[in-house]
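The next block holds one structure in the form of structure tokens; read it before the comments.
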Amino acid sequence: MKLNPNSIIRPISASVMALLLMAGLNNLAMADNAAAFKDSIKTDSKVAEAKVAATNEADLSAKAPADEDFKKLDANKDGKVSLKEAVKDKALASQFDAADLNHDGMVSTDEYSSYKLASAAKVTDTAPATTTN
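The sequence shown: position 75 = 74 (numbering that gives the first Met the number 0), numbered continuously.
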């Protein structure tokens, strides 16, 4: 049996050309994806910065009134509110165990601020949406 070199070379060269073409297209697609990825990172970082700024503003605005309320509740001025002191605030007294995050029987200023933020978030989540026509 005699082999024709053209019958072997043509399919191999066609396959090699197809692979090179696909590799070139793949590189082009990867370059587009890399550019899109860089753009998305820039956008995501801007969104993250905006969220951090909004969170910091919310923390500061919620912390100031919480500090004043905490000072009113802290009768013995030890920097913590006990359950006896918490009875002045019915909402806190009913949620005292949830507000006492480390379960030491006292609510610290940080725990009280977290409690106030959580209760403010619940109020906003449960408030009915207003519609304008």
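For every residue, glycine included, the Cβ atom is placed at its ideal position computed from N, Cα and C.
Buried or exposed: Glu84, going by 16 or more other Cβ atoms within 10 Å of its Cβ?
In the sequence shown, the residue the question calls residue 84 occupies position 85. Answer is buried; the Cβ neighbour count reaches 16.
DSSP on Lys87, reduced to helix/strand/coil?
For the purposes of this step, residue 87 is identified with residue 88 of the sequence shown, where counting begins at 1. Coil.
Just the Cα atoms here: how many angstroms apart are Glu67 and Val80?
Here residue 67 is taken as the residue at index 68 of the sequence shown, counted from 1. Here residue 80 is taken as the residue at index 81 of the sequence shown, counted from 1. The alpha-carbon atoms of Glu67 and Val80 are separated by roughly 13 angstroms.
Measuring alpha carbon to alpha carbon, tell me which residue in Ala90, Gly104, Asp103 is nearest Tyr114.
To locate residue 114, count along the sequence shown from 1; it is residue 115. Tyr114 has its Cα closest to that of Ala90, out of Ala90, Gly104, Asp103.
Which residue comes first and which comes last in the alpha helix (DSSP H) that contains Asp103?
Residue mapping note: residue 103 aligns to position 104 of the sequence shown, counting from 1. Looking at the DSSP string, Asp103 is not in any alpha helix (DSSP H), and its letter there is neither H nor E.
What is the rounded straight-line gap between the Cα of Met105 and the Cα of Lys121?
Numbered from 1 along the sequence shown, position 106 holds the residue referred to as residue 105. Numbered from 1 along the sequence shown, position 122 holds the residue referred to as residue 121. Rounded to whole angstroms, Met105 to Lys121 spans 23 angstroms at the Cα level.
Are the CB atoms of Asp109 and His102 nearer to each other than 9 angstroms?
Position 110 of the sequence shown, counted from the first residue, corresponds to residue 109. Position 103 of the sequence shown, counted from the first residue, corresponds to residue 102. No, these two residues do not count as a Cβ contact at 9 angstroms.
Leaving aside the five residues before and after Ala92 along the sequence, list all residues of the same chain whose C-beta is less than 6 angstroms from its C-beta, in chain order.
Mapped onto the sequence shown, residue 92 falls at position 93. Within its own chain, the residues whose Cβ lies closer than 6 angstroms to the Cβ of Ala92, once the five positions on either side in sequence are excluded, are Ala85, Val86, listed in chain order.
Beta strand (DSSP E) containing Lys79: first to last residue?
For the purposes of this step, residue 79 is taken as residue 80 along the sequence shown, with counting starting at 1. That run of the beta strand (DSSP E) goes 79-81.
Cβ atoms of Ala98 and Tyr111: under 9 angstroms apart, would you say?
Reading the sequence shown from its first residue, position 112 is the one you call residue 111. Reading the sequence shown from its first residue, position 99 is the one you call residue 98. Yes.
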